[in-house]
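Residue numbers (the working numbering), protein chains in the order written: chain L, 1 to 329; chain B, 330 to 658.
Number of protein chains: 2
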Amino acid sequence: MAPSIKDVAERAGVSLGTVSNVLNRPDKVSEATREVVLAAIAELGFVRNSQAAQLRAGTSRSLGLIVLDLANPFFHDIARGIEDVATELGYALVLCNSDEQAAREDRYLRLLEEQRVRGMLITPVGPMSERLDALRRRGTPTVLVDRHYQGVDCCSVAVDDVAGGELAGEHLVAAGHRRIAYVTGPLSLRQCKDRLTGLRRAVADRGVAVDVVEVPALKARHGYEAARELFDGGAAPTAVFCANDLLALGVLRAAVSTGRRVPDDVALLGYDDIEFAADAAVPLSSVRQPTLHIGRTAARLLVEECDQPAAHSHQQIMFRPELVVREST
Amino acid sequence: MAPSIKDVAERAGVSLGTVSNVLNRPDKVSEATREVVLAAIAELGFVRNSQAAQLRAGTSRSLGLIVLDLANPFFHDIARGIEDVATELGYALVLCNSDEQAAREDRYLRLLEEQRVRGMLITPVGPMSERLDALRRRGTPTVLVDRHYQGVDCCSVAVDDVAGGELAGEHLVAAGHRRIAYVTGPLSLRQCKDRLTGLRRAVADRGVAVDVVEVPALKARHGYEAARELFDGGAAPTAVFCANDLLALGVLRAAVSTGRRVPDDVALLGYDDIEFAADAAVPLSSVRQPTLHIGRTAARLLVEECDQPAAHSHQQIMFRPELVVREST
DNA sequence: CCTCATGATTGAAACGTTTCATCACGTACC
DNA sequence: GGTACGTGATGAAACGTTTCAATCATGAGG
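This is how it looks when you write it as structure tokens:
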């Protein structure tokens, strides 16, 4: 149906190879024929079939990206950083959403492998899966995003969550707080646990009490409910540190609805610095992760490995988060 | 490098066609050989090359989706709905982000066309572009999302923004408001204009004053600034209707920071019902668009046209939004 | 006039599938 | 025992590119 290079060749009265040359090495063909061929291309509305090209070439110019949840601003920004760099360096990006489901991750991995992506960026749902490891060992360059796996021989880019927790703790202690609540998602999540570790490390030996409130998920609703209970209880904390901004927004809502003033009655500190943090009813202080930078770095590492596999050596990169102070503390 | 069907055939001691049959019509091949072939596939770690398959087949099983901004919850939810249906019906989805830039849209259109996507879902940046129209006329089924174009012969799915404005107006009038501010992005955007039209229609002849405040973009910061001015001014409105939830969150912040109570001192109504609306400091009333449903419908229309072009006739579908009342009104 | 070098163009092979006409081999039937 | 038939398996062609060795034309140098 769609015109092929052959149709163009006929129309232009040249051979098939010449058309290909016009497309791929225009300098190897004379001015005159080049014009004739380009005219034919325009007339027929020819669009090259990249499937055929890549089949012949044996390698594609696309990268696969599988993230846990595109709705999460954290991953969204990372994806954006990756996309920028990929585009810039001439790669296309195939975006996939595993939705934290191993089955979906598996399906997308197979799909991307069938499409022969040149490289792979992924935040795996669980530990290194069979299929992912096979893909990597079979020679597809792979970069882990927001994860480090011991003993897995590939690049990875992540953020130091312990350091983030420390930043939070130091900030709150410096502001004079001696009773701090840590509202967190399941401590089985490494992020949640690491941030608590950092918090504890920062407040150690300073006479500070840390109340840990674990809720089932990192959603605003759970933050709200946890805060209602906290505020009702006896020794109410003077500061609440949340494992992410959504929880903090929930806590903020609880404060507003019970007439508490932030930060006067209770200080509030989030994590991630999502876009809404700055626009909350009381602009939220938060620990910011360099998401865009993470994405860009991951993409650069991957492209480097794809383009110069010989010169490449795997790196595990760990970024440090940064404290953004606004009105809530 | 990667093992091909030929390698599998050799290993299993059968012909190339037989391997293909095992893959595509397992019932046409005897139990015994099927097992031998499957064993060979497993041993070699064979993964089929879909580029070659699609090249031969002349048609792929993937759909392209180009949206204006994946960070926008509205588009994100639509994408999700599309992805669900596509996956369900056996299509892969290639997700692209035009970022409201015509140049990016154009680049992605070319990319998707080179990849020979089977069908296309798009919210165009501007009017129907040359390249998009060419693609469509060349036979790629296309569905417009959140847009209707007069005289363009293809399916489209959108939401009735005038009706949404009316819903908002009726609700506020019924609550007794007689001075309403409409905080909006550029009125050159159809959505913003239509919602105003609906609002005016609802309040017509009821002795209601509508103050239109136009800001440069649909962002929380602009809502905040607009509200500060509104509140400072003389005849302050008793209700504020915003062209989207982000603006409304900005207005809410202005209210909280100036000590106004919502909804007692000023009622607040948003649009889109993004996830954060429910979790705002004062849970936000909002006009909800059936985003997931829009996505699912668009995908179903497209797949229908791809699978049974003969039985298909183009449809322009218009959904009605719905009012979600929470605590802010 | 012949040889050579240079540059432009050509034609065929190859990439990994799928499809389809053909073939081999039993089995059932008369 | 011969014919017809059904089941499985085979092999070659085709999809649209890219690549590369080979060919051709042209002009320069001897």
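A virtual CB, placed ideally from N, CA and C, is assigned to each residue, including glycine.
Residues of the region 359-371 of chain B whose Cβ lies closer than 8 Å to any Cβ of chain L, in chain order
Here the close residues number zero.
Exercise. Starting from E651 of chain B, follow its DSSP beta bridges and name the residues at the other end.
Key: B:R617.
>> Let me check one thing: in DSSP terms, what residues is I122 of chain L bridge-paired to?
In response: Bridge partners of I122 of chain L: L:I66 and L:L144.
Proximal residues of chain L, C-beta to C-beta of A381 of chain B below 7 Å = Listed along chain L are L55, each with a C-beta nearer than 7 Å to that of A381 of chain B.
For a test of the three-state rule: what should DSSP assign to Q315 of chain L, helix, strand or coil? In this structure, Q315 of chain L counts as coil in the three-state DSSP scheme.
field: Straight-line Cα distance separating F404 of chain B from Q430 of chain B
entry: So the two alpha carbons sit approximately 16 Å from each other.
Restricting to runs no shorter than 4 residues, where is the alpha helix (DSSP H) found entirely within the region 370-453 of chain B? For the region 370-453 of chain B, whole alpha helix (DSSP H) runs of length 4 or above, ordered along the chain, are 379-386, 402-417 and 431-443.
Any idea if A371 of chain B is buried or exposed, counting beta-carbon neighbours within 10 angstroms, 16 or more meaning buried? Exposed is the call here.
*Quick one: does N97 of chain L have its CB under 8 Å from some CB of chain B?*
With 8 Å as the cut-off, N97 of chain L counts as an interface residue toward chain B.
Rounded to whole angstroms, what's the CA-CA distance from N573 of chain B to G599 of chain B? Just pull it up for me.
Here the C-alpha atom of N573 of chain B lies approximately 5 Å from the C-alpha atom of G599 of chain B.
Output, in chain order, the set of chain L residues within a Cβ distance shorter than 7 Å of L440 of chain B.
In chain order: A92.
- Kindly indicate which residue of L:E10, L:S328, L:V8 and L:S20 has the alpha-carbon position closest to the one of A175 of chain L. Measuring C-alpha to C-alpha distances from A175 of chain L to each of L:E10, L:S328, L:V8 and L:S20 identifies L:S328 as the nearest.
Under 9 Å between beta-carbons, which chain B residues line up against H76 of chain L? List them in chain order, please. Neighbours of H76 of chain L on chain B, chain order: L399, A400 and H405.
- Query: In or out: E35 of chain L buried (at least 16 other Cβ within 10 Å) or exposed?
  - Reply: Counting of Cβ neighbours within 10 angstroms places E35 of chain L among the exposed residues, the total staying below 16.
- Can the beta-carbon of R377 of chain B be found less than 8 Å from the beta-carbon of A421 of chain B? The Cβ-Cβ distance between R377 of chain B and A421 of chain B does not fall below 8 Å.
- Looking only at its own chain, which residues have a Cβ that is under 6 Å from the Cβ of T238 of chain L, when we skip the five neighbours before and after it? Result list for T238 of chain L: H177 and R179, in chain order.
| task | Say whether chain L places a C-beta atom closer than 8 Å to the C-beta of V376 of chain B. | result | Flagged as an interface residue toward chain L: V376 of chain B, by a C-beta distance shorter than 8 Å.
Practice item. Compute the Euclidean distance between the alpha carbons of V488 of chain B and V215 of chain L, then round it to the nearest angstrom. Key: Approximately 37 Å, taken between the alpha carbons.
What in chain B is Cβ-close to R326 of chain L, meaning under 8 Å? Residues of chain B with a Cβ closer than 8 Å to the Cβ of R326 of chain L do not exist; the shortest Cβ-Cβ separation is about 11 Å.
| task | Quick one: grab the DSSP three-state call for C154 of chain L. | result | Three-state result, C154 of chain L: coil.
Considering only the alpha carbon of each residue, which of B:D462, B:D356, B:E412 and B:L518 lies closest to V423 of chain B? Cα-wise, what sits closest to V423 of chain B is B:E412.
- prompt: From T347 of chain B to C154 of chain L, what does the alpha carbon distance come to, in whole angstroms?
  reply: When only Cα atoms are considered, T347 of chain B and C154 of chain L end up about 38 Å apart.
Discussion item. Under DSSP, the beta strand (DSSP E) around A510 of chain B begins and ends at which residues?
Written reply: Run containing A510 of chain B: R508 to T513, per the beta strand (DSSP E) assignment.
Q. Which of the residues in the region 339-353 of chain B, read from start to end, lie with their CB under 9 Å from any CB of chain L?
A. Among the residues of the region 339-353 of chain B, none has a Cβ less than 9 Å away from any Cβ of chain L.
- request: Consider the Cβ of Q637 of chain B: report whether some Cβ of chain L lies at a distance smaller than 8 Å.
  value: So, not an interface residue.
Where D7 of chain L and V29 of chain L are concerned, what is the direct C-alpha to C-alpha distance, given to the nearest angstrom?
If I take the Cα positions, the gap works out to 19 Å.
*asked:* Taking the straight line between their C-alpha atoms, what separation do you get for G233 of chain L and G410 of chain B?
replied: Rounded to whole angstroms, the separation of the alpha carbons of G410 of chain B and G233 of chain L is 42 Å.
Where the beta strand (DSSP E) through E543 of chain B begins and ends: Segment A538 to E543, the beta strand (DSSP E) holding E543 of chain B.
Could you please give the first and the last residue of the uninterrupted alpha helix (DSSP H) stretch that includes L269 of chain L? First-last for L269 of chain L: A267 to D272, but that is the beta strand (DSSP E), not the alpha helix (DSSP H).
| said: Whole angstroms are fine: how far does the CA of L65 of chain L sit from the CA of G514 of chain B? | reply: If I take the Cα positions, the gap works out to 34 Å.
The region 139-156 of chain L / the region 202-220 of chain L touching (three or more Cβ pairs under 8 Å):
No: fewer than three Cβ pairs fall under 8 Å.
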